[in-house]
Ligand code: SF4
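Set out below in structure tokens:
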């Protein structure tokens, strides 16, 4: 008999408060009005938080949405670099985050001092480089770069980099390798990766496919090459959403990205079945929580309420935000 599916806590994350989620949602709605605030939530945070947000989306969409906010306060339920981008694009607004410790293993894999030293070394060796950074980088790293890309606009931005420049792509080696393939541009790749996408095992995916022979595999380009090689559709979270909406025949999708992505996919196209990879392995009945991002999981309904109520923690303007702003604006908004 299969074992029951249990919602296991994620290592290092304190359990969600015992307050009634419906009470919390009511309080959040009331505080939004009282504090003149708008909530932005990434597709990887818990579904409850996405449901009470005014805007949901991937990094690119949310950065653009942040510029349309009319209230004086933005609450960003996501990870630190996303809150920074919202502040950089809206210096006059107060940007709060439910948990400032919500970081990103991918952003952490490229510290600004190491990047500056590597750029210096490459230039000293005679390389004429343009540095292209995935948006999952700190603002300090963005301030050292020429272009910022997301999985949604990467191809278009790479095409804008003059052909006579060598591209240094940071920090995601898997996305960089995928972009080399689709754009035909050779790049110098920073050896970073995301802890969530890195753990997908080909074995899990093949087993899930064997158990669901008619299924379609959709994978995020942050996944390693061996996963992308067996994917039917490769794309960022917005592309995934558009793809399932455009598919009218009920289909089983094996989803290789953060497991909370299934929430917006199901809301956009409820006619399909979505199976997280890795997820419930029907052969054993076991579950695996390693496709949950522990940083995104720091966002809880109680912390959203707390930061609205207390007006903190806040992303505070830093001197290097100015340079990062120029790069973000030309890359994402122009
Ligand atoms: S899923 Fe990966 S890339 Fe996204 S926030 Fe978490 S650690 Fe960073």
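Residue numbers (my numbering): 38 to 371. We put the beta carbon where it would ideally sit given N, CA and C, even for glycine.
- For residue 80, the three-state secondary structure derived from DSSP is coil.
- Membership of residue 301 in the alpha helix (DSSP H) is indicated by the continuous run 299-305.
- Bridge pairing for residue 171: 186 [DSSP].
- Within a 10 Å sphere around the beta-carbon of residue 162 sit fewer than 16 other beta-carbons, which makes this residue exposed.
- At a threshold of 7 Å, residue 173 counts as near the ligand SF4, since its beta carbon sits closer than that to one of the ligand's heavy atoms.
- The closest heavy atom of the ligand SF4 lies 7 Å or more from the beta carbon of residue 54.
- Within the same chain, and ignoring the five residues on either side of residue 93 in sequence, the residues whose Cβ sits closer than 7 Å to its Cβ are 78, 80, 87, 301.
- Remark: the C-beta of residue 232 is in contact range of the ligand SF4, defined as less than 7 Å to any heavy atom.
- In the three-state reduction of the DSSP assignment, residue 237 falls in the coil class.
- DSSP places residue 222 outside both helix and strand once states are collapsed to three, so it counts as coil.
- Excluding residues up to 5 positions away in sequence, 297, 300 lie with their Cβ nearer than 8 Å to the Cβ of residue 84 in the same chain.
- Membership of residue 94 in the beta strand (DSSP E) is indicated by the continuous run 92-94.
- Per DSSP, residue 133 is one residue of the beta strand (DSSP E) stretching across 131-133.
- By the Cβ test, the segment 136-154 is in contact with the segment 326-345, since at least three Cβ pairs between them sit closer than 8 Å.
- By the 16-neighbour rule on beta-carbons within 10 angstroms, residue 100 is buried.
- Taking the Cα positions, residue 176 is about 27 Å away from residue 346.
- One Cα belongs to residue 192, the other to residue 171, and the distance between them is close to 12 Å.
- Annotated three-state conformation of residue 351 is strand, per DSSP.
- In chain order, 301, 302, 305 place their CB closer than 7 Å to the CB of residue 278, counting only its own chain and leaving out the 5 sequence neighbours on each side.
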